[in-house]
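Trainee: Under the UniProt record's numbering, the sequence shown has 177 at position 177, and the numbering climbs by one with no breaks. Virtual Cβ for every residue (Gly too), placed ideally from N, Cα, C. If you're wondering where the values come from, they're calculated on a predicted model, not measured in any experiment.
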Amino acid sequence: GYTVSLQGNFFGRNHTYMTFREYNPRKHIKLDPPLNIQSNATASKCQIWWSVWNVPWYLAEILQYELQYKEYSMSWEVALNKTLPNSLPQVEIEATELRSGIAYAARVRCKVSENENSYHSQWSEWSQTTVFQRADVPKVSEKFLNTKTMQYLFIPLSFGTLLYLFWNCKLSSRYCCFLTLGQKASPALTFPHQLLSFSHSIVCTMGILR
1 GYTVSLQGNF FGRNHTYMTF REYNPRKHIK LDPPLNIQSN ATASKCQIWW
51 SVWNVPWYLA EILQYELQYK EYSMSWEVAL NKTLPNSLPQ VEIEATELRS
101 GIAYAARVRC KVSENENSYH SQWSEWSQTT VFQRADVPKV SEKFLNTKTM
151 QYLFIPLSFG TLLYLFWNCK LSSRYCCFLT LGQKASPALT FPHQLLSFSH
201 SIVCTMGILR
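#1: Of the choices Thr16, Glu92 and Gln38, whose alpha-carbon is the least far from that of Lys45?
#2: Specify the secondary structure class of Thr129 as computed by DSSP and reduced to three states.
#3: With DSSP run on the structure shown, which of helix, strand or coil describes Leu35?
#4: State the Cα-Cα distance for the pair Trp57 and Val112, rounded to the nearest angstrom.
#5: Considering Ala60, what are the terminal residues of the alpha helix (DSSP H) in which it resides?
#6: On the three-pair Cβ rule with 8 Å, is the region 7-16 touching the region 67-82?
#7: Of the choices Thr129, Leu163, Glu114 and Asp136, whose alpha-carbon is the least far from that of Lys27?
#8: Which first and last residues belong to the beta strand (DSSP E) in which Thr16 is found?
#9: Mark Arg99 as exposed unless 16 or more other C-beta atoms lie within 10 angstroms of its C-beta, in which case mark it buried.
Written out as structure tokens, the structure is:
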């Protein structure tokens, strides 16, 4: 350790004042605030990252970070704080913690981890802020949903109608076998042509729905 003293000249006399008998610089550290804080928000989460400056590598590995974020229009006094579990200069905020359509501001500070016995520091000043807003989940158009619904309903209904018409046509054909040669042909004999016309109409309608 070191001995820190204060010397001064008072009333023409030199005086020495003892300030710290044993001063250990490792136990009195205050780091510079993090720099270059940036963010990227999506519909599922917000990623925030930053960098540190003028920090030795042996301290960078044992740093502890605290994130603070709030709605942009609110005061920092009501901000939410998160102490990060590791020394990585990045953090993610889940979208469930953010309100849609609201802008947020975030900042971060650092110090040596409290789990470290060889060094001790106080929190640095807060970094500059980064502003972000959760991206909205794209909504499916109501018109698109209605069109898809009509397609899914139209196909089975059309198939069922075709089976019904085909069955009736088959019964009508059997009935025509019992007609005498002198009778006029039953209108049911022209039914296959009507069936083909109906099928063509269904195909055209499905094309329009697409």
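Mentor: Checking against the coordinates, here is how it stands:
#1: Taking the sequence shown and counting its residues from 1, one reaches residue 45 at position 45. That would be Glu92, whose Cα lies nearest to the Cα of Lys45.
#2: As a working note, residue 129 is residue 129 in the sequence shown. Reduced to three states, the DSSP call for Thr129 is coil.
#3: Translated into positions along the sequence shown, residue 35 becomes position 35. Strand at Leu35.
#4: Within the sequence shown, numbered from 1, the residue matching residue 57 stands at position 57. Within the sequence shown, numbered from 1, the residue matching residue 112 stands at position 112. Approximately 12 Å, taken between the alpha carbons.
#5: Sequence index remark: in the sequence shown, residue 60 carries index 60 (1-based). It spans Trp57 to Ala60 - the alpha helix (DSSP H) in which Ala60 sits, taken as one unbroken run.
#6: no
#7: Locating residue 27 in the sequence shown gives position 27, where the first residue counts as 1. If we check each option's Cα against that of Lys27, Glu114 comes out closest.
#8: Translated into the one-based positions of the sequence shown, residue 16 becomes position 16. Thr16 -> beta strand (DSSP E) spans Arg13 to Tyr23.
#9: Against the sequence shown, residue 99 aligns to sequence position 99. Answer is exposed; the Cβ neighbour count stays below 16.
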